[in-house]
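Presented below is the structure to which this report refers.
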Amino acid sequence: MGYYMTHKEKAEQLLHQQYHCSQALFGAYAEELGLDLKTAFKISTCFGGGMRQGGTCGCITAGLLVLGLAMGFYDAQDKEREIYGNKKTAEFTRMFEERMQGDVFCRDILGKDISKPEDMAVIRKEGLILQKCPRALNIAIDILDELLEEYCGDMAKNSIDLQDIPENDEMENVLKSIGKLRRFRRNANHLVYSATKNVGFIQFDIRKFKIVNDLYGEKFGDEILDFIADRLGEICRADQFFINLRSDVFMVVTEYDKEDELEEFIRKLDAAICNYKNVKIQMSYGVYTVEDKEMELRQMEDRAAMARKAAKNSIVTNILFYKEQFKESLYNRKFIEENMQTAITERQFMMYLQPKYSIAKNEIIGAEALVRWKHPERGMIFPDQFIPIIEENGFIRKVDYYIWEEACRFIKKCEELSITTCPISVNVSRMHLGDDECIKVLSDLIRNTGIPKKLLELEITETVDDQQVSMKAFQLKEEGYTLLMDDFGSGYSSLNILLETPFDVIKLDKRFMENMMLSGKGRMILEQVVSMSEKLGLGLLAEGVETKEQVDLLQSIGCDQVQGYYYAKPMPQEEFFELLKKQNSTV
Numbered sequence: 003m004g005y006y007m008t009h010k011e012k013a014e015q016l017l018h019q020q021y022h023c024s025q026a027l028f029g030a031y032a033e034e035l036g037l038d039l040k041t042a043f044k045i046s047t048c049f050g051g052g053m054r055q056g057g058t059c060g061c062i063t064a065g066l067l068v069l070g071l072a073m074g075f076y077d078a079q080d081k082e083r084e085i086y087g088n089k090k091t092a093e094f095t096r097m098f099e100e101r102m103q104g105d106v107f108c109r110d111i112l113g114k115d116i117s118k119p120e121d122m123a124v125i126r127k128e129g130l131i132l133q134k135c136p137r138a139l140n141i142a143i144d145i146l147d148e149l150l151e152e153y154c155g156d157m158a159k160n161s162i163d164l165q166d167i168p169e170n171d172e173m174e175n176v177l178k179s180i181g182k183l184r185r186f187r188r189n190a191n192h193l194v195y196s197a198t199k200n201v202g203f204i205q206f207d208i209r210k211f212k213i214v215n216d217l218y219g220e221k222f223g224d225e226i227l228d229f230i231a232d233r234l235g236e237i238c239r240a241d242q243f244f245i246n247l248r249s250d251v252f253m254v255v256t257e258y259d260k261e262d263e264l265e266e267f268i269r270k271l272d273a274a275i276c277n278y279k280n281v282k283i284q285m286s287y288g289v290y291t292v293e294d295k296e297m298e299l300r301q302m303e304d305r306a307a308m309a310r311k312a313a314k315n316s317i318v319t320n321i322l323f324y325k326e327q328f329k330e331s332l333y334n335r336k337f338i339e340e341n342m343q344t345a346i347t348e349r350q351f352m353m354y355l356q357p358k359y360s361i362a363k364n365e366i367i368g369a370e371a372l373v374r375w376k377h378p379e380r381g382m383i384f385p386d387q388f389i390p391i392i393e394e395n396g397f398i399r400k401v402d403y404y405i406w407e408e409a410c411r412f413i414k415k416c417e418e419l420s421i422t423t424c425p426i427s428v429n430v431s432r433m434h435l436g437d438d439e440c441i442k443v444l445s446d447l448i449r450n451t452g453i454p455k456k457l458l459e460l461e462i463t464e465t466v467d468d469q470q471v472s473m474k475a476f477q478l479k480e481e482g483y484t485l486l487m488d489d490f491g492s493g494y495s496s497l498n499i500l501l502e503t504p505f506d507v508i509k510l511d512k513r514f515m516e517n518m519m520l521s522g523k524g525r526m527i528l529e530q531v532v533s534m535s536e537k538l539g540l541g542l543l544a545e546g547v548e549t550k551e552q553v554d555l556l557q558s559i560g561c562d563q564v565q566g567y568y569y570a571k572p573m574p575q576e577e578f579f580e581l582l583k584k585q586n587s588t589v
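First residue of the sequence shown? That's 3 in our numbering, and the numbers climb one at a time after it.
Here's what the structure looks like:
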């Protein structure tokens, strides 16, 4: 695409996904070096052995790998370049040691020896990797970016054209990315310190950009990004600096007298970029007005980003100015990411079960497995506080696998105690739709616990990405699982997905059902959905049932299966087990 996250952002994201520092650093540069992540991880792992013994920090080995590949030190016949390479690698090592104040060994950086099991337990428990390693990563990346930019200057002085050197195509991408960002930040810093007026940071992105890519294709998405960059070039004055930070996220830094001027600029920009080839583009704008010029530039950018994300979730306005309370979300994210692995290791994540009932029989016919997080100090952390974060950073995979295993164990426990059990449904996050690992994990769990597949049902949320849902659903169906479409009626293409995928049960979304009950026409639609499911041979379950009125209506139109607070809230598995025992004893 030609647009990149910064190397620090890529490395931080990989570190939070539990990759070690060598992999995180090398992976941050992989794309520009012409490597896919899997290959990059293999290479960095081969050269990161010292780190796993508590020796040399993996940031050093990965940094030298980046320099070697980017500058072409791998050509043994080029003695001049070999000498230059030796000089640069020695310079990198020296600068890293100086800026780390001599801490170049893992055991010194972490304060614990990673090769000792007892120390490794402490490292995991206290989340030391996420606390200590970012400093080393950021220092290594700063040095690499400086050396690579300097290398570009050396080549230019010697009249060497990067485009004339085929092996440096990857290097050109690296340098372009680094050069743009460094120029922007240099100009922004200068503006902050030299401005005679106020300075504002405006960060914006495209709402639901993924949907635009899905509907119109990535090439069209790239055209939109180029279009926005061109319009910015036309609108911004010479003293207004802008950059495409990554993907669809842009930043503008400008002077202003009154905040009204910033809003006027945003409205002018929005009018210029709100439509491309008759496709409406909606933006979210976050604004940070500089109060403390001594604050680091990155912190200013972070505050504009927090305001942008808040605007993204607002239904009132698409422009929000930074407020101090936005920091709470940043602190919460940091807490979640630093403690999520420990929550798995120490079994802080808990499986809660919400019963599903038959209205006619007034008895439990199943349950949905849900995740809760009981932290030893913070107490109960509810899903809306951590699920969006772990979905974004990819850790949802591990949490899903954890809950799937808990569900299988619960079913096995019921069987062993001769409790007539019922199907437990688990959520399959969209993160799993792109690979086959989840199928292997499910198969291993079924085999290891020996439970029937019919007792572990899979819920897949309706999504705009029909093709991926369809492919994964067919694979899972072939494996013999019962499939439930979660949140039916909440998305973009419910009926299309029903036609194209082998779901067994549809779960009516809570808001869909509530909206349908507001008018006579809505109730007719709801009745037709029930009728349609019967004709298609699909099971139907209504979620979020909270009132007697809802129960009566659903029963009158032929929907017998329900789930919601009217019958039972999500509860610890021990409580659900007691409900099952009680129901068994009365049958």
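In this text, a Cβ means the ideal position worked out from N, Cα and C, and glycines have one as well.
For R310, the enclosing alpha helix (DSSP H) stretches over residues L299 to K314.
Setting aside the 5 residues that flank it on each side, V194 is surrounded in the same chain by V201, V292 and K295, each with a C-beta closer than 7 angstroms to its C-beta; the list follows chain order. The beta carbon of T95 is closer than 7 angstroms to those of I62 in its chain, skipping five residues each way along the sequence. Sequence-distant partners of K314 (beyond 5 residues in either direction) whose C-beta falls short of 6 angstroms from its own C-beta, in its chain, are S286. Minimum Cα-Cα distance from V564 among the listed residues E577, E576, Q575 and K550 corresponds to K550. Ranked by Cα distance from E408, the first of K10, N395, F351 and R380 is F351.
Annotation: the continuous alpha helix (DSSP H) that includes E408 extends over I398 to E418. Going by beta carbons, D262 and D207 fall outside the 8 angstroms limit. The criterion of a C-beta distance shorter than 8 angstroms is satisfied by F98 and I145. Distances from the CA of K12 to each of V373, D105 and E394 were compared; the closest alpha carbon is that of E394. Shown here, Q284 sits in coil according to DSSP, grouped into three states, outside any helix or strand.
Between Y333 and P574 a beta carbon distance of about 28 angstroms is seen, past the 8 angstroms cut, so the two are scored as non-contacting.
In this structure, DSSP gives D224 a helical state, which the three-state scheme calls helix. Contact between the segment 405-425 and the segment 357-377 is present, with at least three C-beta pairs closer than 8 angstroms. Assignment of beta-bridge partners to R126 by DSSP yields no partner. Comparing C-alpha distances from Y359 to each of W375, Y567 and S316 shows the shortest one belongs to Y567.
Taking the Cα positions, K583 is about 20 angstroms away from A362. DSSP, reduced to helix, strand and coil, places E11 within a helical segment of the structure shown.
In the structure shown, V373 falls within a strand segment according to DSSP collapsed to helix, strand and coil. Q327 has its alpha-carbon roughly 46 angstroms from the corresponding atom of Q530. Leaving aside the five residues that flank N246 on each side, the residues in its chain whose CB is nearer than 7 angstroms to its CB run, in chain order, Y5, L227, A231 and F252. With contacts defined by Cβ atoms closer than 8 angstroms, A72 and F28 do not form a contacting pair.
Cβ-Cβ distances below 7 angstroms link C276 to K282 and I283 in the same chain, with the five nearest sequence neighbours on each side left out; the list follows chain order. In the structure shown, the three-state DSSP call for T451 is helix. Relative to the Cα of L542, the nearest Cα in the group S427, R411, S558 and K509 belongs to K509. In this structure, L486 places its C-beta atom within 8 angstroms of the C-beta atom of E461. With respect to the C-alpha of V289, the residue from N280, A273 and E266 having the closest C-alpha is E266. For P357, the uninterrupted beta strand (DSSP E) segment begins and ends at F351 to S360. Taking every protein chain shown into account, the CB of R184 has fewer than 16 other CB atoms within 10 angstroms, so this residue is exposed.
When C-alpha distances from D489 are compared across D437, S521 and A544, the shortest belongs to A544. The distance from the Cβ of C59 to that of I131 is about 12 angstroms, inconsistent with a contact at the 8 angstroms cut-off.
Each residue's CA atom was taken as its position, placing F579 and N429 some 20 angstroms apart.
A direct Cα-Cα distance of roughly 27 angstroms separates F211 from R239.
With a threshold of 16 other beta carbon atoms within 10 Å, V318 falls short and is exposed.
Beta-bridge partners of R248 (DSSP): V251.
Taking every protein chain shown into account, the CB of T198 has fewer than 16 other CB atoms within 10 angstroms, so this residue is exposed.
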